[in-house]
Amino acid sequence: MEKNNEIFDELKRFIDFGDDDVEHLKSLRPIFAEHGGTLTDRFYEKLGGVPSTAALIEGRVDALKKTHGIWMDELFAGDYGEAYFERRWKIGLTHVRVNVPPHYVEAVVSFLRSESEHLLARELGDPTEVAKKHASLLKILDIDLMVINFAYAAERIDRLCNFTGMSKKLIERCIEKS
2 MEKNNEIFDE LKRFIDFGDD DVEHLKSLRP IFAEHGGTLT DRFYEKLGGV
52 PSTAALIEGR VDALKKTHGI WMDELFAGDY GEAYFERRWK IGLTHVRVNV
102 PPHYVEAVVS FLRSESEHLL ARELGDPTEV AKKHASLLKI LDIDLMVINF
152 AYAAERIDRL CNFTGMSKKL IERCIEKS
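Residue numbers (our numbering): 2 to 179.
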């Protein structure tokens, strides 16, 4: 897992996720504490309207909303270190385990990108402040998505190793040579 944390730190450096972003996100916490539940409700309404995802969430919507609320709260908590990475990694593994197709994770992030921009414009008003703070939110959403997708990929390679009996190193070499 140490290598994964190095990649996590490298991603943050590459997209220039820094102290200003942390402060911007922390300043948004009250807005999302107040309005995040509405975003979560709307998101789950969308999922419930798609037959394949409705089947995945059936009977679990309230528990999933609670988990989604915790995830959103952590976006604005200001701690984006190793523990944050580990929690995002586990989210990816959980999604794989319950067979959530990765494109729905992408759709969640897309939904939050667009909805958060409208929310910030309404709540903050000042276009310059909205732009700066929304850019920080986009960075952390992208980081989350990268880590979750990384976990998907790692879990799928592990499953392929178990299924084929091939070593992880051999499978990764085959992927690299393709």
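Glycine included, each C-beta is placed from N, C-alpha and C at the ideal position.
Fair warning: this is a prediction, and the values are worked out from it, not measured in the lab.
So what's residue i in DSSP terms, helix, strand or just coil?
i, result
"P31", "helix"
"S111", "helix"
"G38", "helix"
"E46", "helix"
"N5", "helix"
"E59", "coil"
"V101", "coil"
Could you name the residues of the same chain whose beta carbon sits closer than 6 Å to that of residue i, not counting the 5 residues immediately before and after it, in chain order?
i, result
"Y153", "G93, V97 and P103"
"V62", "Y45"
Label residue i either buried or exposed according to how many other C-beta atoms from any shown protein chain fall within 10 Å of its C-beta, with 16 as the threshold for buried.
i, result
"H119", "exposed"
"S111", "exposed"
"L113", "buried"
"I176", "exposed"
"R89", "buried"
"L171", "exposed"
"F164", "exposed"
"V99", "exposed"
For residue i, I'd like the list of residues in its chain whose CB is within less than 7 Å of its CB, leaving aside the five on either flank, ordered along the chain.
i, result
"L29", "F77, K134 and L138"
"K140", "I16, F18 and D22"
"H25", "K133, K134 and S137"
"E60", "The sequence shown places Gly at residue 60, rather than the Glu named in the question. Nothing meets the Cβ criterion."
Go to residue i, then tell me how far its alpha helix (DSSP H) extends in each direction, as first and last residue.
i, result
"I149", "P128 to T165"
"S168", "S168 -> no alpha helix (DSSP H), and no H or E assigned at all."
"D17", "Taken as a continuous stretch (DSSP letters only), D17 belongs to no alpha helix (DSSP H), as it is neither H nor E."
"A78", "Looking at the DSSP string, A78 is not in any alpha helix (DSSP H), and its letter there is neither H nor E."
"V51", "No alpha helix (DSSP H) contains V51, which DSSP labels as neither H nor E."
"V97", "E83 to R98"
Among residues of its own chain, excluding the 5 on either side of residue i, which ones have a beta-carbon nearer than 8 Å to its beta-carbon?
i, result
"L65", "Y45 and I58"
"K169", "I158, D159 and C162"
"L146", "V106, E107 and V110"
"M124", "A small fix is needed here, since residue 124 is Glu in this sequence, not Met. Cβ within range, chain order: I32 and H36."
**OP:** Report yes or no: do three or more beta-carbon pairs, one from the stretch 33-42 and one from the stretch 68-76, lie closer than 8 Å?
**Re:** With the rule of 3 Cβ pairs closer than 8 Å, the stretch 33-42 counts as touching the stretch 68-76.
Subject >> Contact between the stretch 8-24 and the stretch 77-87 (3+ Cβ pairs under 8 Å) >> reply: Yes: at least three Cβ pairs fall under 8 Å.
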